[in-house]
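Peer 1: One structure, pasted below without further comment.
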Amino acid sequence: MRFDEGAGLDLSEVQDQRGGGVGGRVAIGGGGLGVLGLVVYFLFSQFGGVAPSGPGLSGLGSGQQTDDTSLSSECRTGADANRNRDCATVAVINSIQDYWAAEFARSGQTYRKATTKFFSGGVRTGCGNASSDVGPFYCPADSMVYIDLAFFDELRSRFGAQGGPFAEAYVLAHEYGHHVQNLNGTSDRVRSRSGPASDSVRLELQADCYAGVWANHATTTPTETGRPLVTDITQDDINRALDTAARIGDDYIQRELGGGRVDESQFSHGSSKQREKWFTTGITTGDPARCDTFSTRDLG
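According to our numbering, the residues represented by the sequence shown are 11 to 310, in order.
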């Protein structure tokens with residue numbers, strides 16, 4: 011995956027709060043977590059969840075500050091994105107939001123941008139406190155994406171994923187898929203939280219599909235300069251994204267990281283096969299309308 015060397019990056023879409031973490035976790039209700047609860051919590055929280063509603067703890071905590079000085083000095087152009095992972099993350103976010111802004115405009119709607127907040131350790135959000143253990147997530151209460159960038163290293167070391175810039179872009183595009191669902195009101199359709207055909211699974215698979223839709227258009231989506239920010243996505247990039255999708259399926263996590271037993275009744279994000287299928291549907295068709303996971307009887 012490569013970026014246009016001369017393209018400018020828009021830092022207004024990112025806040026860098028690393029080094030000012032807050033402990034705790036996004037509230038998920040219920041009592042303490044036993045062994046089964048830990049597995050369920052892990053399945054719910056690792057990669058891609060829409061954070062459930064919790065106490066209204068928006069904004070920075072006491073003594074915390076958002077410091078984007080380093081990003082502003084290091085991440086100015088696509089050339090910076092080609093050599094610096096933080097800058098590549100900014101570039102991907104810019105491209106994703108440029109695509110969805112244009113897509114919403116084509117259908118006569120207005121896309122409202124969502125800021126991504128980088129944090130380390132923990133963070134306060136409109137959905138409650140979250141630690142890095144939650145993984146990347148989107149909070150509908152404040153319309154922000156949150157990510158500890160160390161998660162990308164964990165994908166390789168703990169999940170065994172191949173990783174790489176485009177695999178990381180898939181993670182971010184999935185979270186922005188949740189933002190699109192929030193804007194469209196799709197998130198309000200979630201009633202059942204677990205099970206192989208639950209609303210939660212359908213929501214997550216649709217976000218995977220939306221990630222693929224962006225990927226299909228990434229190299230043709232122009233910035234303000236009129237040229238695409240993303241210039242090249244290879245088949246190897248796509249294979250790495252699919253590998254990541256497989257590594258964060260509910261069945262893979264339960265089997266490899268949760269004790270070995272697969273319990274479909276606890277699925278909340280979809281199986282590895284399903285996640286691969288819906289990302290592939292998005293990147294093959296490039297059509298958001300093909301991502302209607304709520305109407306289909308065949309989730310894969």
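For glycine and all other residues, C-beta sits at the position ideal for the given N, C-alpha and C. Source: prediction; values computed, not measured.
Under DSSP, the alpha helix (DSSP H) around Y109 begins and ends at which residues?
Peer 2: R95 to R116
Peer 1: Given a cut-off of 9 Å on the beta-carbon distance, is the pair T241 and D14 in contact?
Peer 2: yes
Peer 1: CB-CB under 8 Å to L252, same chain, minus the five flanking residues each way: which ones, in chain order?
Peer 2: Exclusion of the five residues before and after L252 leaves E286, F289 and T290 as the residues of its chain whose Cβ lies within less than 8 Å of its Cβ.
Peer 1: Who are the near neighbours of Q172 in its chain, counting only those whose CB is closer than 7 Å to its CB and skipping five residues on each side?
Peer 2: R250 and D253
Peer 1: Which two residues bound the contiguous alpha helix (DSSP H) that contains R250?
Peer 2: Q245 to R257
Peer 1: State the DSSP-derived secondary structure class of D160, mapped to helix, strand or coil.
Peer 2: The question names Asp, yet the displayed sequence has Ala at residue 160. Three-state DSSP puts A160 in a helix.
Peer 1: Measuring alpha carbon to alpha carbon, tell me which of D261, Q107 and T126 ends up nearest D96.
Peer 2: T126
Peer 1: Identify, in the order they occur along the chain, each residue of the same chain with its Cβ nearer than 7 Å to the Cβ of T120, setting aside the five sequence neighbours on each side.
Peer 2: F114
Peer 1: Please state whether DSSP places C301 in a helix, a strand or coil.
Peer 2: helix
Peer 1: Quick check: the Cα distance between Q216 and Q276, rounded to an integer number of angstroms?
Peer 2: Those two C-alpha atoms are separated by around 19 Å.
Peer 1: Among I157, I258 and E178, which has the Cα closest to the Cα of F128?
Peer 2: I157
Peer 1: Suppose you measure from the CA of G296 to the CA of V190; what does that come to, to the nearest Å?
Peer 2: 15 Å
Peer 1: Grouping DSSP H, G and I as helix and E and B as strand, with all else coil, what is P206?
Peer 2: Reduced to three states, the DSSP call for P206 is coil.
Peer 1: Kindly list the residues whose CB is nearer than 6 Å to the CB of G136, restricted to its own chain and excluding five residues on each side of it in sequence; keep chain order.
Peer 2: S68, C149, A151 and D152
Peer 1: Helix, strand or coil: which one does DSSP assign to R122?
Peer 2: coil
Peer 1: With the cut-off set at 9 Å, would you say P197 and L213 are in Cβ contact?
Peer 2: First, the amino acid is wrong: residue 197 is Ser here, not Pro. A contact, by the Cβ cut-off of 9 Å.
Peer 1: To the nearest angstrom, how far is it from the Cα of S22 to the Cα of G236?
Peer 2: 19 Å
Peer 1: So who's on the other strand from P232, going by DSSP bridges?
Peer 2: P238
Peer 1: Whose C-beta lies closer than 6 Å to the C-beta of Q264 among residues of the same chain, with five residues either side of it excluded?
Peer 2: Result list for Q264: V272, in chain order.
Peer 1: Whose C-beta lies closer than 7 Å to the C-beta of G170 among residues of the same chain, with five residues either side of it excluded?
Peer 2: Exclusion of the five residues before and after G170 leaves R257 as the residues of its chain whose Cβ lies within less than 7 Å of its Cβ.
Peer 1: What are the residues that DSSP puts in a beta bridge with G18?
Peer 2: T87
Peer 1: Candidates N194, Q25, G18 and I106: which alpha carbon is nearest A228's?
Peer 2: The candidate whose alpha carbon is nearest that of A228 is I106.
Peer 1: A140 to S167, Cα distance in whole Å?
Peer 2: 22 Å
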